[in-house]
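See structure below.
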Amino acid sequence: MTEANQSEPESRPAVLVDPAQTGRAPGAHGFCRERTERLRYAIALAVAVAGCTPGREPTEIRARPSAAAEETAANRRPRGEFERELAAAYPASPPRATETREFELRAAPGTTQQFDGRLLDVWAYNGQVPGPVLRVRLGEEVVVRFRNDLPQPTTIHWHGVRVPNAMDGVPGVTQDPIPPGGSFTYRFVPKDAGTFWFHPHVRGAEQVERGLYGVLIVDDARTLPYSRDEVWVLDDWRLGRDGQIDRRFVTRHDLAHDGRWGQLVTVNGDMAQELRVRPGARLRLRLVNTSNGRVYRPDFGRLEPRVIAVDGMYTARPIPLDGFELAPGNRLDLDLVIPADGAGRSYPIIDRFTRRPFGLATIRVEGEPVSTPDFEPPSNPHVPEWSGALDRPVDATYVLNARRGGPHGIQWTINGRPWGEHEVTELEGGRWVRIRFRNDSGRLHPMHIHGQFFKVIARNGQPLDVPYFRDTVLLHGRETIDVGMVPVDWGRWMMHCHILEHAESGMMTEVRVGD
Ligand code: C2O
Ligand code: CU
Numbered sequence: 109m110t111e112a113n114q115s116e117p118e119s120r121p122a123v124l125v126d127p128a129q130t131g132r133a134p135g136a137h138g139f140c141r142e143r144t145e146r147l148r149y150a151i152a153l154a155v156a157v158a159g160c161t162p163g164r165e166p167t168e169i170r171a172r173p174s175a176a177a178e179e180t181a182a183n184r185r186p187r188g189e190f191e192r193e194l195a196a197a198y199p200a201s202p203p204r205a206t207e208t209r210e211f212e213l214r215a216a217p218g219t220t221q222q223f224d225g226r227l228l229d230v231w232a233y234n235g236q237v238p239g240p241v242l243r244v245r246l247g248e249e250v251v252v253r254f255r256n257d258l259p260q261p262t263t264i265h266w267h268g269v270r271v272p273n274a275m276d277g278v279p280g281v282t283q284d285p286i287p288p289g290g291s292f293t294y295r296f297v298p299k300d301a302g303t304f305w306f307h308p309h310v311r312g313a314e315q316v317e318r319g320l321y322g323v324l325i326v327d328d329a330r331t332l333p334y335s336r337d338e339v340w341v342l343d344d345w346r347l348g349r350d351g352q353i354d355r356r357f358v359t360r361h362d363l364a365h366d367g368r369w370g371q372l373v374t375v376n377g378d379m380a381q382e383l384r385v386r387p388g389a390r391l392r393l394r395l396v397n398t399s400n401g402r403v404y405r406p407d408f409g410r411l412e413p414r415v416i417a418v419d420g421m422y423t424a425r426p427i428p429l430d431g432f433e434l435a436p437g438n439r440l441d442l443d444l445v446i447p448a449d450g451a452g453r454s455y456p457i458i459d460r461f462t463r464r465p466f467g468l469a470t471i472r473v474e475g476e477p478v479s480t481p482d483f484e485p486p487s488n489p490h491v492p493e494w495s496g497a498l499d500r501p502v503d504a505t506y507v508l509n510a511r512r513g514g515p516h517g518i519q520w521t522i523n524g525r526p527w528g529e530h531e532v533t534e535l536e537g538g539r540w541v542r543i544r545f546r547n548d549s550g551r552l553h554p555m556h557i558h559g560q561f562f563k564v565i566a567r568n569g570q571p572l573d574v575p576y577f578r579d580t581v582l583l584h585g586r587e588t589i590d591v592g593m594v595p596v597d598w599g600r601w602m603m604h605c606h607i608l609e610h611a612e613s614g615m616m617t618e619v620r621v622g623d
């Protein structure tokens with residue numbers, strides 16, 4: 109059983125009327141840092157043994173084993189086993205860099221051809237939307253000389269890349285916002301090969317929507333013999349009557365729903381993306397969802413691709429795509445073989461997340477057949493099983509909900525608190541933790557943790573054997589998801605909903621990983 113969710117999402121009726129443009133000051137990113145008590149097994153266990161439910165624990169989620177059984181189960185497994193399982197799966201430190209790859213990035217307002225050639229005013233990296241694909245090889249150091257020519261401060265966050273904390277691009281936490289006219293050099297050695305992306309972490313709901321995002325690909329140390337390696341950046345656009353990006357950002361309507369959903373969907377900036385391939389070709393197709401709020405469930409029909417990586421990290425084995433959802437922030441790498449007799453055929457790729465399916469793109473087969481490269485798809489055989497994880501206590505619970513108030517009229521909260529009133533979670537580096545997300549709202553929340561990867565271990569109390577890591581997991585309305593994680597990257601990391609309007613209105617907190 110995988111975690112792919114087959115259920116039809118609820119319809120999305122408007123419940124609040126969109127008020128007029130409000131010209132808000134930046135919402136999120138306050139600077140309050142409260143300390144909270146360190147979460148310890150000892151406390152959780154003591155409480156469990158005493159037979160009462162800890163205050164932060166939900167009570168209705170699942171029939172938990174009795175306190176005694178839980179204690180035995182937790183003790184049965186020598187401490188360290190889960191951590192050792194993780195150690196084989198991904199490295200704590202980067203490879204020693206042999207070479208440096210330098211890139212220049214400039215964020216600035218501009219005009220691009222979008223939607224089949226129409227001119228659109230955007231904010232762009234290096235004048236293009238999507239921004240450039242930065243490509244490096246594992247073992248190379250990435251140096252990005254960045255200049256901000258936007259009318260607002262900004263930063264760059266390297267989504268999913270396990271960077272040194274100071275390179276994480278979070279204003280007020282890991283760096284000062286880069287003012288208009290300012291520069292900053294990002295420098296890091298990626299620890300993992302895979303598909304990542306980058307975007308601002310200042311006023312993301314506006315800056316990402318206006319076009320600021322790009323893809324970072326870290327190639328494996330050894331080249332894989334795919335016939336083609338392609339990236340599809342999925343985004344949606346809400347345009348106003350003038351045909352330009354609707355400048356009302358973080359509206360009450362967005363906040364009362366699953367963020368900002370646009371009326372136009374593009375793949376690589378194109379509403380009718382057509383990938384032309386030769387019969388027999390074997391593709392690695394990297395899907396990246398850079399939308400503020402929209403979730404996709406791509407259906408490749410008879411092509412039947414296999415998922416080889418989720419959120420940049422290889423799966424333990426190839427998985428059928430059926431039902432996989434791509435929430436904001438998520439990536440999926442597909443291994444796709446074009447039928448050798450497919451010449452002349454077209455395969456429509458359909459999005460089926462909403463009740464109204466629509467075409468995302470087309471794969472058109474043409475030209476002379478090529479011989480299909482025959483090789484084992486890349487995988488990570490060391491993705492931990494963590495069997496018995498549900499016998500261990502929950503170390504931290506994050507309840508997701510909304511309240512009225514704040515600069516936008518609605519605040520999205522974690523444990524009842526918006527960013528600025530948030531409680532910092534302190535985690536011991538190198539120690540396995542069980543984290544629970546409980547969605548008390550009816551909306552979607554793709555929860556993202558910076559600088560870490562985790563593995564889903566249960567959905568609504570049902571154990572799941574998921575053979576891959578994630579950095580962003582989608583919660584549907586009223587769902588509870590438990591994840592296991594061994595934080596091995598020290599620092600102050602954001603944890604937030606990747607629906608950027610939800611994050612902007614408060615749905616963000618901080619996880620500190622230390623000794
Ligand atoms: Cu793409 Cu703070 O995230
Ligand atoms: Cu959310």
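Numbering (my numbering), first residue to last: 109 to 623. From the three backbone atoms N, C-alpha and C, an ideal C-beta is built for every residue, glycine too.
Quiz item: What distance in whole Å lies between the Cβ atoms of Ser-454 and His-516, which are believed to be in contact at a cut-off of 8 Å?
Solution: Sequence index remark: in the sequence shown, residue 516 carries index 408 (1-based). Sequence index remark: in the sequence shown, residue 454 carries index 346 (1-based). About 44 Å separates the two Cβ atoms, so there is no contact after all.
Quiz item: Who sits around the ligand C2O, taking every residue whose Cβ is closer than 6 Å to one of its heavy atoms?
Solution: Chain order is used for the residues whose beta-carbon lies nearer than 6 Å to a heavy atom of the ligand C2O, namely His-265, His-267, His-307, His-309, Gly-437, His-556, His-558, Met-602, His-604, His-606.
Quiz item: Under a three-way DSSP split, which group does Asp-469 fall into?
Solution: Position 361 of the sequence shown holds residue 469. Residue identity check: residue 469 is Ala in the sequence provided, not Asp. If DSSP states are grouped into helix, strand and coil, Ala-469 belongs with the strands.
Self-check item: Between the CA atoms of Trp-305 and Arg-356 - distance to the nearest angstrom
Solution: Counting from 1 along the sequence shown, the entry for residue 356 is found at position 248. Counting from 1 along the sequence shown, the entry for residue 305 is found at position 197. If I take the Cα positions, the gap works out to 25 Å.
Quiz item: What's the gap between the Cα of Met-616 and the Cα of Asn-523?
Solution: Indexing the sequence shown from 1 puts residue 616 at position 508. Indexing the sequence shown from 1 puts residue 523 at position 415. The alpha-carbon atoms of Met-616 and Asn-523 are separated by roughly 10 Å.
Practice problem: Taking Arg-204 as the reference, give the member of Ala-329, Val-491, Ala-216, Arg-368 with the closest Cα. | Solution: Residue mapping note: residue 204 aligns to position 96 of the sequence shown, counting from 1. Measuring from the Cα of Arg-204, the nearest candidate turns out to be Ala-329.
Quiz item: Could you give the residue range of the beta strand (DSSP E) that holds Gly-218?
Solution: Counted from its first residue, the sequence shown places residue 218 at position 110. Unbroken beta strand (DSSP E) run through Gly-218: 207-222.
Quiz item: Arg-655 by DSSP, collapsed to three states: which one?
Solution: The chain is shown only over 109 to 623; residue 655 falls outside these bounds and no answer can be derived.
Quiz item: Should Pro-288 be counted as a contact of the ligand CU given a C-beta to heavy atom distance under 8 Å?
Solution: Your numbering for residue 288 matches position 180 in the sequence shown. No - the ligand CU has no heavy atom lying nearer than 8 Å to the Cβ of Pro-288.
Self-check item: Start-end ranges of the beta strand (DSSP E) lying completely within the region 481-538, minimum 3 residues
Solution: 504-512, 518-522, 533-536
Exercise. Helix, strand or coil for Asn-234, going by three-state DSSP, please let me know.
Key: By one-based count along the sequence shown, residue 234 stands at place 126. Correct three-state label for Asn-234: coil.
Quiz item: For the region 459-472 against the region 496-512, are there 3 or more C-beta pairs whose distance is under 8 Å?
Solution: no
Self-check item: Exposed unless 16 or more other CB atoms sit within 10 angstroms - verdict on Gly-225
Solution: In the sequence shown, residue 225 corresponds to position 117, counting from 1. That one is exposed.
Quiz item: Is Met-615 near the ligand CU, going by C-beta to nearest heavy atom under 8 Å?
Solution: By one-based count along the sequence shown, residue 615 stands at place 507. At least one heavy atom of the ligand CU falls within 8 Å of the beta-carbon of Met-615.
Quiz item: What's the call for Leu-674, buried or exposed, on a 16-neighbour Cβ count within 10 Å?
Solution: Given that the chain is displayed from residue 109 to residue 623, the structure contains no residue 674 and the question cannot be resolved.
Practice problem: Over the uninterrupted alpha helix (DSSP H) stretch that includes Asp-362, give me the two end residues. | Solution: The residue you call residue 362 lines up with position 254 of the sequence shown. Taken as a continuous stretch (DSSP letters only), the alpha helix (DSSP H) holding Asp-362 covers 360-364.
Quiz item: In the structure shown, what three-state DSSP assignment does Met-421 receive?
Solution: Position 313 of the sequence shown, counting from 1, holds the residue named residue 421. Three-state DSSP puts Met-421 in a strand.
Quiz item: Would the beta-carbon of Pro-373 fall within 9 Å of that of Arg-405?
Solution: Along the sequence shown, one-based indexing puts residue 373 at 265. Along the sequence shown, one-based indexing puts residue 405 at 297. The residue asked about is misnamed: residue 373 is Val in this sequence, not Pro. Val-373 places its beta carbon 9 Å or farther from that of Arg-405.
Quiz item: When the distance is taken between beta carbons, is Arg-360 closer than 9 Å to Ala-313?
Solution: Position 205 of the sequence shown, counting from 1, holds the residue named residue 313. Position 252 of the sequence shown, counting from 1, holds the residue named residue 360. No, Cβ-Cβ distance for Ala-313 and Arg-360 is not below 9 Å.
Quiz item: Assuming Arg-544 contacts Thr-505 under a Cβ cut-off of 8 Å, what Cβ separation, rounded to an integer in Å, is found between them?
Solution: As a working mapping, residue 544 is identified with position 436 in the sequence shown. As a working mapping, residue 505 is identified with position 397 in the sequence shown. So it is a contact: roughly 4 Å between Cβ atoms.
Practice problem: Using three-state DSSP, classify His-610 as helix, strand or coil. | Solution: Within the sequence shown, numbered from 1, the residue matching residue 610 stands at position 502. Residue state, collapsed to three classes: helix.
Quiz item: Of all the options Ala-274, Val-269, Val-310, which has the alpha carbon lying nearest to the alpha carbon of Pro-287?
Solution: In the sequence shown, the residue the question calls residue 287 occupies position 179. Ranking Ala-274, Val-269, Val-310 by Cα distance to Pro-287 puts Val-310 first.
Quiz item: Do the region 525-532 and the region 546-554 make contact, defined as three or more Cβ pairs closer than 8 Å?
Solution: no
Quiz item: How many Å lie between Ser-196 and Arg-578 at the Cα?
Solution: What you label residue 196 is simply residue 88 of the sequence shown in a count that begins at 1. What you label residue 578 is simply residue 470 of the sequence shown in a count that begins at 1. According to the sequence as given, residue 196 is Ala; it is not Ser. Whole-angstrom Cα-Cα distance: 17 Å.
Quiz prompt | Cα-Cα separation, Gly-388 to Asp-343 | solution = Residue 388 sits at position 280 when you count from the first residue of the sequence shown. Residue 343 sits at position 235 when you count from the first residue of the sequence shown. Rounded to the nearest angstrom, the two C-alpha atoms are 29 Å apart.
Self-check item: C-beta atoms of Phe-211 and Pro-238 nearer than 9 Å
Solution: Taking the first residue of the sequence shown as position 1, residue 211 is located at position 103. Taking the first residue of the sequence shown as position 1, residue 238 is located at position 130. No, the Cβ-Cβ distance between Phe-211 and Pro-238 is not below 9 Å.
Quiz prompt | Contacts around Thr-219, its chain only, beta-carbon distance under 8 Å, and the 5 residues preceding and following it disregarded | solution = Here residue 219 refers to the residue found at position 111 of the sequence shown. When the five nearest sequence neighbours on each side are left out, the beta carbons in the same chain lying within less than 8 Å of the beta carbon of Thr-219 are those of Leu-227, Leu-228, Asp-229, Val-230, in order along the chain.
Practice problem: Give me the Cβ distance between Lys-563 and Pro-492, rounded to the nearest whole Å; I'm assuming they're in contact under 8 Å. | Solution: Locating residue 563 in the sequence shown gives position 455, counting from the first residue. Locating residue 492 in the sequence shown gives position 384, counting from the first residue. The beta-carbon distance between Lys-563 and Pro-492, rounded to whole angstroms, is 7 Å. This is short enough to meet the 8 Å contact definition.
Exercise. Find the nearest neighbour of Leu-583 within the set Leu-442, Glu-433, Leu-411, Gln-371, judged by alpha-carbon distance.
Key: Taking the first residue of the sequence shown as position 1, residue 583 is located at position 475. Considering only alpha carbons, the answer is Glu-433.
Practice problem: Reducing DSSP to helix, strand and coil, say where Phe-408 ends up. | Solution: To locate residue 408, count along the sequence shown from 1; it is residue 300. Phe-408 falls in the coil class under three-state DSSP.
Practice problem: Kindly indicate which residue of Pro-333, Leu-246, Ser-291 has the alpha-carbon position closest to the one of Lys-299. | Solution: Taking the first residue of the sequence shown as position 1, residue 299 is located at position 191. Here the closest residue by C-alpha is Leu-246.
Practice problem: Could you check what DSSP says for Met-275 in three-state terms: helix, strand or coil? | Solution: Residue numbering aside, residue 275 sits at position 167 when the sequence shown is read from its first letter. It is helical.
Quiz item: Can you tell me whether Leu-393 is buried or exposed, with buried defined as 16 or more other CB within 10 angstroms of its CB?
Solution: On the sequence shown, position 285 is the one that residue 393 refers to. Buried is the call here.
Exercise. Give the secondary structure of Gly-559 by DSSP, where H, G and I count as helix, E and B as strand, and everything else as coil.
Key: If you number the sequence shown from 1, residue 559 lands on position 451. The answer is coil: DSSP assigns Gly-559 none of H, G, I, E or B.
Quiz item: Measuring from the CB of Gly-452, is there a heavy atom of the ligand CU at a distance below 8 Å?
Solution: For the purposes of this step, residue 452 is taken as residue 344 along the sequence shown, with counting starting at 1. The answer is no for Gly-452.
Exercise. Please go through the same chain and pick out, in chain order, the residues whose beta-carbon is closer than 6 Å to the beta-carbon of Val-358, but skip the five residues on each side of it.
Key: Translated into positions along the sequence shown, residue 358 becomes position 250. Within the same chain, Val-358 has close Cβ partners Ala-313, His-516, Glu-609, Glu-612.
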